[in-house]
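Asks:
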Amino acid sequence: MRVFCLCSFVWFLVLLNQKTSTCKGDEETSQCPSIYPDPSDTKLLLSKDFFVKYVNQSVYLADIIKAEDYGPIEDLLPELREMYERADVFSDFDDQALIVKTKDTKMCFASFQATDQANYFAFAVDLWHNINPLTERIEGTDCIIRRGVVQAYNTTYKKEFRRSLDDCIASCGSDEPCPLVLTGASIGGAVAVAAAVDLTSLYDPTVITFSAPKVVVRTAPCEHLNSSKFFRFVNTDSQGNYDLIVNQLNLFNERHLGWTFLLDDVNFPLGSPGINDSRDRCPGSFALHEYNIYRGRVEGIINRDCFPLPIAGWPEGHYCRYDDECQTNYCNKRQCQRGL
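Counting with mature numbering (1 follows the signal peptide of the UniProt record, and there is no 0), you get residues -25 to -1, 1 to 315 for the letters of the sequence shown.
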C-alpha cells in the first residue's frame, strides 16, 4: 500500500462560466451549482468566513508580491502599513517577501514571490531552483524536499524575515499567539511549503498556495506536518487541461500536500456530466498559469456566495490520472482504486 502524509485529495470544481479555453474573461454568475457531491463522500465543508479571512487575503498578498507587476515591494510598504496593523518587506537581488498582520482578524501572513519574468537574472535563478536535480532534508524534520526550493527559501534576508515573523506572531500575546498563514504563487507557493516544513514545530501554520509545483519527495514520511492545514488552488478548464506547472515539474517523484481545489470553468461540480468521463485531463496549458485568473476565480467564489463548499475526492472506479485525484489516494491504470 502506498503511504502518504498528505490528506486525502479533495476535488472541487468551481462554476465560473468561462466560454473559451484561453481562460480569459471568466464571467461571474449568481447561480449556485445544482448538483453537489454525495454528502457521504464529502471530506470537508468550507465556510465563507474561511474564504474571506484566509483565501482572499492570501490571493491578494500572493499577487502584490510580484515585482514584475507591482515593482519593488519596498515601494508598497507605506500603503501596506496603512492597510495592516504591521507590515515588513524583504528583498535581495532575485527575490522578495512580505509579512503583515491584519487589523481585524489579528492574523500574520507571510507571502513569497513567484518567478519574476521581467528580471532575466532572477528568472534564470528561479529556473535553476525548479530544475535543480538534488534534494535535501530539512534540518530537524523527516521531510526531504527539492533543494532548489530550499535555496529559494534560504535567502540573504532569511534571519531578518524570521525575526519579523516571530515578532508578529508574539504580538498577540504568549497565551494565544497570532495564527500564521504562509502563501505564494508558483515557486512562491513552493517556498511557502518549504517554510511550513521549517516552521511547523513552532507555529503549526496554515498554507495556502496557488499554481504551486510539487515540493516534497514522495518517499519522505513528513510525519510532523499537519497536512490538513495545507490548501492549494489549481486552475483547470473544460478542455481537460490543468495548469501546466503544477504537476509537470516532478523530477523526483514528489507529491503535493493537503487539500486541493480545482478552479474550473465548466458548469458541473464533482462527478457530473461533462467531466465524469475518460478524457485525459493532463497538464497542458500555460494560459492557466496566469495569476490574474486565480485571483479572479477566488473572488468569484466569494461573490457567488454558494457556501459552505462541500469537498470530496473521486470515488473508487472513477477515471483518474494522478493518485491525489482519488479518495483512496491511489490511481492505477487510470482508475481510482484501493491501495494494495
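We put the CB at the ideal spot given by N, CA and C, even for glycine.
Being a predicted model, the structure only gives us computed values, none of them experimental.
Given a threshold of 16 other Cβ atoms within 10 Å of its Cβ, counted over all protein chains shown, does Arg149 qualify as buried or as exposed?
Replies: Numbered from its first residue, the sequence shown carries residue 149 at position 174. Note that residue 149 is Ser in the sequence shown here, rather than Arg. By the 10 Å Cβ count, Ser149 comes out exposed.
Asks: Taking all protein chains shown into account, decide if Val27 is buried (16 or more other Cβ within 10 angstroms of its Cβ) or exposed.
Replies: Your numbering for residue 27 matches position 52 in the sequence shown. Its Cβ having fewer than 16 others within 10 Å, Val27 is exposed.
Asks: Write down the C-beta distance between Val140 and Arg122 rounded to the nearest angstrom, noting that I regard them as a contact closer than 8 Å.
Replies: Stepping through the sequence shown from its first residue, residue 140 is reached at position 165. Stepping through the sequence shown from its first residue, residue 122 is reached at position 147. Here residue 140 turns out to be Leu, not Val, going by the sequence shown. About 23 Å; that fails the 8 Å criterion.
Asks: Anyone know if the C-beta pair for Ser86 and Ile144 falls short of 7 Å?
Replies: Position 111 of the sequence shown, counted from the first residue, corresponds to residue 86. Position 169 of the sequence shown, counted from the first residue, corresponds to residue 144. Not in contact: Ser86 and Ile144 (Cβ atoms no closer than 7 Å).
Asks: Per DSSP, Gln71 is paired with what?
Replies: Stepping through the sequence shown from its first residue, residue 71 is reached at position 96. Gln71 pairs with Ser66.
Asks: Taking all protein chains shown into account, do 16 or more other C-beta atoms lie within 10 angstroms of the C-beta of Lys308, making it buried, or fewer, making it exposed?
Replies: Here the question's residue 308 lines up with position 333 in the sequence shown. With fewer than 16 Cβ atoms within 10 Å of its Cβ, Lys308 is classed as exposed.
Asks: Is Cys118 closer than 7 Å to residue 328 when the C-beta atoms are compared?
Replies: As displayed, the chain neither begins before -25 nor continues past 315, which places residue 328 out of reach and without an answer.
Asks: Could you spell out the range, first to last residue, of the alpha helix (DSSP H) harbouring Leu55?
Replies: Against the sequence shown, residue 55 aligns to sequence position 80. Unbroken alpha helix (DSSP H) run through Leu55: Leu52 to Met58.
Asks: Using C-beta distances below 7 Å, list every residue in its chain close to Asp67, excluding the 5 sequence neighbours before and after it, in chain order.
Replies: The residue you call residue 67 lines up with position 92 of the sequence shown. Cβ neighbours of Asp67 beyond the five flanking positions: Thr130, Thr131 and Tyr132.
Asks: Can you give me the start and stop residues for the beta strand (DSSP E) that Asn267 sits inside?
Replies: The residue you call residue 267 lines up with position 292 of the sequence shown. Looking at the DSSP string, Asn267 is not in any beta strand (DSSP E); the run it does join, the alpha helix (DSSP H), is Tyr266 to Arg279.
Asks: Please report the distance separating the alpha-carbon of Phe276 from that of Val30.
Replies: In the sequence shown, counting from the first residue as 1, residue 276 sits at position 301. In the sequence shown, counting from the first residue as 1, residue 30 sits at position 55. In the sequence as presented, Phe is not what sits at residue 276; that position holds Ile. Spanning the two alpha carbons is a distance of roughly 10 Å.
Asks: Check Thr235 in the structure and name its three-state DSSP category.
Replies: For this step, residue 235 is matched to residue 260 along the sequence shown. Three-state DSSP puts Thr235 in a strand.
Asks: With distances taken between CB atoms, is the gap from Cys306 to His293 smaller than 7 Å?
Replies: Sequence index remark: in the sequence shown, residue 306 carries index 331 (1-based). Sequence index remark: in the sequence shown, residue 293 carries index 318 (1-based). Going by C-beta atoms, Cys306 is not nearer than 7 Å to His293.
Asks: Provide the residue(s) that pair with Gly159 in DSSP beta bridges, ordered along the chain.
Replies: Your numbering for residue 159 matches position 184 in the sequence shown. Gly159 pairs with Phe87 and Thr184.
Asks: How should Glu114 be labelled, buried or exposed, when 16 other C-beta atoms within 10 angstroms of its C-beta is the threshold for buried?
Replies: The residue labelled residue 114 in the question sits at position 139 within the sequence shown. Glu114 is exposed by the Cβ-count criterion.
Asks: In angstroms, rounded to a whole number, what distance separates the CA positions of Arg313 and Gln302?
Replies: Position 338 of the sequence shown, counting from 1, holds the residue named residue 313. Position 327 of the sequence shown, counting from 1, holds the residue named residue 302. When rounded, the distance between both Cα atoms is 9 Å.
Asks: Under 8 Å, with one C-beta from each stretch per pair, do the segment 185 to 197 and the segment 66 to 85 reach the 3-pair mark?
Replies: No, they do not touch.
Asks: Can you say whether Asp298 is buried or exposed, counting buried as having 16 or more other CB atoms within 10 angstroms of its CB?
Replies: Along the sequence shown, read from residue 1 onward, the residue named residue 298 stands at position 323. With 16 or more other Cβ atoms within 10 Å, it is buried.
Asks: For the beta strand (DSSP E) that contains Arg207, what are its first and last residues?
Replies: For the purposes of this step, residue 207 is taken as the residue at position 232 of the sequence shown. Arg207 -> beta strand (DSSP E) spans Phe205 to Asn210.
Asks: Check each candidate in Ile48, Ser22, Ala195 and Phe84 and name the one with the smallest Cα separation from Thr116.
Replies: Counted from its first residue, the sequence shown places residue 116 at position 141. It is Ala195.
Asks: Quick check on Glu198: does DSSP put it in helix, strand or coil?
Replies: By 1-based counting over the sequence shown, the position of residue 198 is 223. Reduced to three states, the DSSP call for Glu198 is coil.
Asks: Measure the C-alpha to C-alpha separation of residue 354 and Gln126 and round it to an integer number of angstroms.
Replies: This structure cannot settle anything about residue 354, because the visible part of the chain is limited to -25 through 315.
Asks: For a quick check, are the C-beta atoms of Leu232 and Ser202 less than 7 Å apart?
Replies: Start at 1 with the first residue of the sequence shown, and residue 232 comes out as number 257. Start at 1 with the first residue of the sequence shown, and residue 202 comes out as number 227. Yes, Cβ-Cβ distance for Leu232 and Ser202 is below 7 Å.
Asks: Could you please give the first and the last residue of the uninterrupted alpha helix (DSSP H) stretch that includes Ile39?
Replies: As a first step, residue 39 is located in the sequence shown; it is residue number 64 there, counting from the start. Segment Gln32 to Ile39, the alpha helix (DSSP H) holding Ile39.
Asks: Less than 6 Å between the CB of Val64 and some heavy atom of the ligand FMN, yes or no?
Replies: As far as ligands go, the structure on display features none, and thus does not contain the ligand FMN.
Asks: Based on the DSSP output, what are the partners of Glu114 in its beta bridges?
Replies: To locate residue 114, count along the sequence shown from 1; it is residue 139. Partner(s): none; Glu114 has no beta bridge.
Asks: Leu237 and Val209: beta carbons closer than 7 Å?
Replies: Position 262 of the sequence shown, counted from the start, is the residue given in the question as residue 237. Position 234 of the sequence shown, counted from the start, is the residue given in the question as residue 209. A contact, by the Cβ cut-off of 7 Å.
Asks: Do you know how far the Cα of Glu54 is from the Cα of Arg270?
Replies: As a working mapping, residue 270 is identified with position 295 in the sequence shown. As a working mapping, residue 54 is identified with position 79 in the sequence shown. Near 20 Å, if we compare the C-alpha coordinates of Glu54 and Arg270.
Asks: Flag this pair as yes or no: are the beta carbons of Leu155 and Tyr178 separated by less than 7 Å?
Replies: For the purposes of this step, residue 155 is identified with residue 180 of the sequence shown, where counting begins at 1. For the purposes of this step, residue 178 is identified with residue 203 of the sequence shown, where counting begins at 1. It is a contact, given that the beta carbons lie within the stated cut-off.
Asks: Counting along the chain, where does the beta strand (DSSP E) carrying Arg121 start and finish?
Replies: To locate residue 121, count along the sequence shown from 1; it is residue 146. Per DSSP, Arg121 belongs to the beta strand (DSSP E) from Ile119 to Arg121.
Asks: How would you label Phe205, buried or exposed, when you count the other beta carbons within 10 angstroms and need 16 or more for buried?
Replies: Within the sequence shown, numbered from 1, the residue matching residue 205 stands at position 230. Looking at its Cβ environment, which holds 16 or more other Cβ atoms inside 10 Å, Phe205 is buried.
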